[in-house]
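Using full-length UniProt numbering, the letters of the sequence shown map in sequence onto residues 1 to 560.
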Amino acid sequence: PHFACSIPISPLPARSRTPPTPFTRRRRRHPPSLSRPARGRHIRPGILVSPAPLPQGSSAEAACTAAAALFLFYCLILDFASGSAKFRRMDIDASASVMCQLLSPEGDPLGSALYLPQNVGPPQLQEIVNQLLHNEEKLPYAFYVGDEELSVHLGAYMRQKNANVEVTLRIVCQPQALFRIRPVNRCSATIAGHTEAVIAVSFSPDGKSLASGSGDTTVRFWDLSTQTPLFTCKGHKNWVLCIAWSPDGKHLVSGSKSGELILWDPKTGNQLGTPLMGHRKWITAVSWEPVHLQSPCRRFVSASKDGDARIWDITTRKCVISLTGHTSSVTCVKWGGDGLIYTGSQDCLIKVWETSQGKLVKTLKGHGHWVNSLALSTEYVLRTGAYDHTGKTFSTAEEMKEAALARYKKMRGNAPERLVSGSDDFTMFLWEPTISKQPKARMTGHQKLVNHVYFSPDGQWLASASFDKSVKLWNGITGKFVAAFRGHVADVYQISWSADSRLLLSGSKDSTLKIWDIRTHKLKMDLPGHADEVYTVDWSPDGEKVASGGKDRVLKLWMN
């Protein structure tokens with residue numbers, strides 16, 4: 001037998017005692033029976049195209065076999081060595097640039113993948129993204145690889161992570177607020193007035209007014225310019241458990257432990273009509289219809305311990321729809337931007353209702369214990385309506401409605417409205433109710449019940465407060481865990497976001513407020529001052545003030 005890749009060798013001459021090998025240094029002439037390969041043909045030197053047959057079973061055949069095998073092994077080594085050298089050269093050449101795929105927060109590509117120089121950093125990426133999206137007004141962006149912010153240039157990042165340059169780097173581009181909120185750092189006023197614990201505080205949609213509800217059965221309005229009490233509103237027969245401003249800022253509704261709802265005029269402090277009666281037990285939550293759906297605001301929904309949610313019309317002063325279906329206390333309610341109402345209950349269910357006839361659309365199942373809190377990804381723009389950080393005012397209801405609709409569409413984008421639920425089972429679920437009855441993500445990590453959940457104003461982040469003394473930060477789109485904020489030494493009751501989504505405020509049973517930095521995942525400001533548990537906190541939509549209230553019966557205003 002002969003080999004297809006044999007060397008040019010023939011039976012040994014009588015004078016030769018050793019077979020020639022590929023390593024033989026002395027040049028040998030080709031035997032007469034063999035011809036040289038034709039010039040210009042792409043054949044490795046030394047490979048024979050038509051070898052001469054060798055005698056079967058001869059010693060020459062064995063020598064040829066050994067020599068051929070050795071030569072092949074030698075060629076393989078050379079090929080491997082040259083291939084490695086080529087790979088190293090390719091690796092060095094490719095390291096001059098990094099292939100990047102820029103993505104929207106929802107994970108959609110912003111264009112084709114780009115080869116970017118290693119000295120490109122966040123400022124240059126901002127320019128690229130603004131060009132890709134054709135933004136007339138240049139927007140600031142934060143860039144994330146996974147859940148880690150990209151704060152250095154690409155070359156430094158690749159070296160830090162020892163990343164492979166042959167793998168496309170997926171960079172998520174998150175738009176940031178054009179304005180920046182400074183953290184509050186001092187208590188500017190401690191205002192006495194309430195004679196029992198302050199249970200609820202809330203700024204108006206434009207951030208210019210403040211209201212509070214207390215265990216002393218009163219609702220109070222406060223003058224933020226003089227930091228003094230403005231109106232004391234009496235009418236409830238029991239503790240005021242919840243308050244809510246209409247998105248147009250023209251009404252405030254309060255619910256009490258005795259089950260009645262009272263409407264107030266913020267400009268005069270007067271009660272508007274008689275109390276709205278219908279619930280058999282105390283009011284747990286109130287939510288207004290968004291102003292982009294109805295302007296001026298006319299309807300709101302209330303949830304109660306009696307297991308029902310009711311839709312009220314403030315013009316007719318009647319309950320227009322009763323949402324019955326839960327078998328236990330309804331703990332929370334939200335009126336969504338798409339016209340759906342979401343209710344969470346101690347029967348472990350979340351129900352979705354349409355608002356024209358009050359029909360049940362779907363039931364979301366998954367929790368193993370009471371549902372304590374609901375939050376919508378669009379909640380901030382629903383709460384503030386047409387008002388933003390610019391302080392713009394509106395002369396007509398139609399103008400306000402158009403502005404609110406534009407803000408809602410811009411914030412929501414092409415993605416569906418997302419809902420998150422927090423429960424006594426220590427977990428949270430992220431839902432997209434308009435798409436599926438199944439949760440998009442299950443978020444675990446808290447060691448005790450989840451008391452409050454809240455989306456950031458831009459919808460990119462989600463925060464949760466728990467009785468395990470921690471506040472946790474999650475990706476608001478995927479539900480993936482990002483960071484845990486530890487610093488409180490007792491239960492965390494409530495949280496609130498700054499308008500630019502860069503800072504998070506928490507109030508705790510340990511009598512302190514704390515401000516957390518979302519970028520660094522660290523404590524930004526510790527605000528002691530209350531003499532007892534802090535039940536409620538709110539950050540004004542204009543970003544300038546924080547209000548807090550609690551068991552010590554005083555209202556505190558914090559500024560920078």
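Beta carbons are placed, not taken as given, at the ideal position from N, Cα and C, and that holds for glycine.
Cα separation between Arg159 and Cys173?
The count along the sequence shown starts at 1 and reaches residue 159 at position 159. The count along the sequence shown starts at 1 and reaches residue 173 at position 173. Cα to Cα, Arg159 sits roughly 21 Å from Cys173.
So the candidates are Ser506, Trp335, Thr390 and Gly368; which of them puts its Cα closest to the Cα of Ser470?
For the purposes of this step, residue 470 is taken as the residue at position 470 of the sequence shown. Comparing Cα-Cα distances from Ser470 to each of Ser506, Trp335, Thr390 and Gly368, the minimum goes to Ser506.
Are the segment 529-539 and the segment 488-498 touching by the rule of at least three beta carbon pairs closer than 8 Å?
Yes: the two stretches touch, three or more of their Cβ pairs being nearer than 8 Å.
In whole angstroms, give me the CA-to-CA distance for Ile350 and Ala211.
Sequence index remark: in the sequence shown, residue 350 carries index 350 (1-based). Sequence index remark: in the sequence shown, residue 211 carries index 211 (1-based). Cα to Cα, the separation comes out at about 29 Å.
What does a CB cutoff of less than 7 Å around Val120 pick up in its chain, not counting 5 residues either side in sequence?
Working through the sequence shown from its first residue, we reach residue 120 at position 120. If we look at Val120 and ignore the five residues flanking it on each side, its Cβ neighbours are His153 and Leu154.
Nearest-angstrom Cα distance between Gly83 and Ile477?
Position 83 of the sequence shown, counted from the first residue, corresponds to residue 83. Position 477 of the sequence shown, counted from the first residue, corresponds to residue 477. At Gly83, the pLDDT of 46 sits below 50, so the modelled position is not reliable; the number obtained from the coordinates is stated separately. Roughly 44 Å separates the two Cα atoms.
I need the boundaries of the beta strand (DSSP E) containing Arg299, first residue and last residue.
Counting from 1 along the sequence shown, the entry for residue 299 is found at position 299. Start and end: Arg299 to Ser304.
So, Ser345 versus His369, is the Cβ gap smaller than 7 Å?
Translated into the one-based positions of the sequence shown, residue 345 becomes position 345. Translated into the one-based positions of the sequence shown, residue 369 becomes position 369. No, the pair does not count as a contact, with Cβ atoms beyond the cut-off.
Is the segment 356-376 touching the segment 255-275 in the sense that three or more CB pairs, one from each, lie closer than 8 Å?
With a cut-off of 8 Å, the segment 356-376 and the segment 255-275 do not count as touching, because too few Cβ pairs lie within range.
Measure from the alpha carbon of Val554 to the alpha carbon of each residue in Ala441, Cys348, Asp532 and Gly543, then state which is nearest.
Locating residue 554 in the sequence shown gives position 554, where the first residue counts as 1. Cα-wise, what sits closest to Val554 is Asp532.
Once DSSP output is grouped into helix, strand and coil, what is the label at Ala397?
On the sequence shown, position 397 is the one that residue 397 refers to. Correct three-state label for Ala397: helix.
Do you know offhand how far Asp147's Cα is from Tyr115's?
In the sequence shown, residue 147 corresponds to position 147, counting from 1. In the sequence shown, residue 115 corresponds to position 115, counting from 1. Taking the straight line from one Cα to the other gives about 22 Å.
Who are Trp312's beta bridge partners in DSSP?
In the sequence shown, the residue the question calls residue 312 occupies position 312. DSSP lists Phe300 and Cys319 as partners of Trp312.
Tell me, please, which residues DSSP counts as bridged to Met428.
Residue 428 sits at position 428 when you count from the first residue of the sequence shown. Met428 pairs with Gly422 and Met443.
Three-state secondary structure (DSSP) at Val167?
The residue you call residue 167 lines up with position 167 of the sequence shown. Val167: coil per DSSP, three-state reduction.
To the nearest angstrom, report how far apart Thr434 and Thr378 are at their CA atoms.
Counting from one through the sequence shown, the residue named residue 434 turns up at place 434. Counting from one through the sequence shown, the residue named residue 378 turns up at place 378. In a straight line, the C-alpha of Thr434 is about 14 Å away from that of Thr378.
Nearest-angstrom Cα distance between Leu241 and Pro416?
The sequence position of residue 241 within the sequence shown is 241, counting from 1. The sequence position of residue 416 within the sequence shown is 416, counting from 1. For Leu241 and Pro416, the distance between alpha carbons rounds to 32 Å.
According to DSSP, simplified to helix, strand and coil, what is Met525?
For the purposes of this step, residue 525 is identified with residue 525 of the sequence shown, where counting begins at 1. Note: Met525 maps to strand in three-state DSSP.
Between the Cα of Glu106 and those of Gln126, Lys362 and Ile171, spot the shortest distance and give me the residue it belongs to.
As a first step, residue 106 is located in the sequence shown; it is residue number 106 there, counting from the start. Of the candidates Gln126, Lys362 and Ile171, the one whose C-alpha sits nearest the C-alpha of Glu106 is Ile171.
Report the CB separation of Ile191 from Arg502 in whole angstroms; it is logged as a contact under 8 Å.
Position 191 of the sequence shown, counted from the first residue, corresponds to residue 191. Position 502 of the sequence shown, counted from the first residue, corresponds to residue 502. Not really, about 28 Å apart at Cβ, beyond 8 Å.
Taking the alpha carbon of Asp223 as the point to measure from, which residue in Asn560, Ala547 and Asp552 has its own alpha carbon closest?
Sequence index remark: in the sequence shown, residue 223 carries index 223 (1-based). Looking at the Cα atoms, Ala547 is the closest of the given residues.
Contact defined as beta carbons within less than 8 Å: I believe Val492 pairs with Ala465. What is the distance between those atoms, to the nearest angstrom?
What you label residue 492 is simply residue 492 of the sequence shown in a count that begins at 1. What you label residue 465 is simply residue 465 of the sequence shown in a count that begins at 1. Contact flag correct, Cβ pair sits at about 4 Å.
According to DSSP, is Val286 part of a helix, a strand, or is it coil?
Looking up residue 286 in the sequence shown gives position 286. In the structure shown, Val286 sits in a strand (DSSP, three-state: E or B).
Under a three-way DSSP split, which group does Gln160 fall into?
Taking the first residue of the sequence shown as 1, we reach residue 160 at position 160. Three-state DSSP puts Gln160 in a helix.
Tell me the rounded alpha-carbon separation between Asp425 and His367.
Translated into positions along the sequence shown, residue 425 becomes position 425. Translated into positions along the sequence shown, residue 367 becomes position 367. Spanning the two alpha carbons is a distance of roughly 7 Å.
Among Gly336, Ala404 and Ser329, which one has its Cα closest to the Cα of His292?
By 1-based counting over the sequence shown, the position of residue 292 is 292. The candidate whose alpha carbon is nearest that of His292 is Ala404.
In whole angstroms, give me the CA-to-CA distance for Pro183 and Trp558.
Residue 183 sits at position 183 when you count from the first residue of the sequence shown. Residue 558 sits at position 558 when you count from the first residue of the sequence shown. Rounded to whole angstroms, Pro183 to Trp558 spans 10 Å at the Cα level.
Have a look at Val198, Ala189 and Gln101 and flag the residue whose alpha-carbon is nearest the alpha-carbon of Glu166.
Stepping through the sequence shown from its first residue, residue 166 is reached at position 166. Checked all of Val198, Ala189 and Gln101; the closest Cα to Glu166 is Gln101.
How many angstroms separate the CA atom of Leu150 from the CA atom of Lys250?
Position 150 of the sequence shown, counted from the start, is the residue given in the question as residue 150. Position 250 of the sequence shown, counted from the start, is the residue given in the question as residue 250. The straight-line gap from Cα to Cα measures roughly 43 Å.
For Ile477, which three-state DSSP category applies?
Taking the sequence shown and counting its residues from 1, the one referred to as residue 477 is at position 477. Three-state DSSP puts Ile477 in coil, outside helix and strand.
Can you give me the start and stop residues for the alpha helix (DSSP H) that Leu132 sits inside?
Counted from its first residue, the sequence shown places residue 132 at position 132. Run containing Leu132: Pro122 to Leu132, per the alpha helix (DSSP H) assignment.
Thinking Lys514 and His530 are a contact (beta carbons under 8 Å), I'd like their distance in whole angstroms, please.
Walking along the sequence shown from the start, residue 514 turns up at place 514. Walking along the sequence shown from the start, residue 530 turns up at place 530. Contact flag wrong, Cβ pair sits at about 12 Å.
Output the distance between the C-alpha atoms of Gly385 and Pro290, rounded to the nearest integer angstrom.
By one-based count along the sequence shown, residue 385 stands at place 385. By one-based count along the sequence shown, residue 290 stands at place 290. Those two C-alpha atoms are separated by around 7 Å.
Less than 8 Å between the CB atoms is what I'm expecting for Leu329 and Asn372, so what's the real figure, rounded?
Taking the first residue of the sequence shown as position 1, residue 329 is located at position 329. Taking the first residue of the sequence shown as position 1, residue 372 is located at position 372. In the sequence as presented, Leu is not what sits at residue 329; that position holds Ser. Going by Cβ atoms, the distance from Ser329 to Asn372 rounds to 11 Å, so no, they are not a contact pair.
For the beta strand (DSSP E) that contains Tyr387, what are its first and last residues?
Here residue 387 is taken as the residue at index 387 of the sequence shown, counted from 1. Tyr387 -> no beta strand (DSSP E), and no H or E assigned at all.
Could you pull the start and end residues of the beta strand (DSSP E) that Gln438 belongs to?
For the purposes of this step, residue 438 is taken as the residue at position 438 of the sequence shown. It is not in any beta strand (DSSP E) - Gln438 carries neither H nor E in the DSSP assignment.
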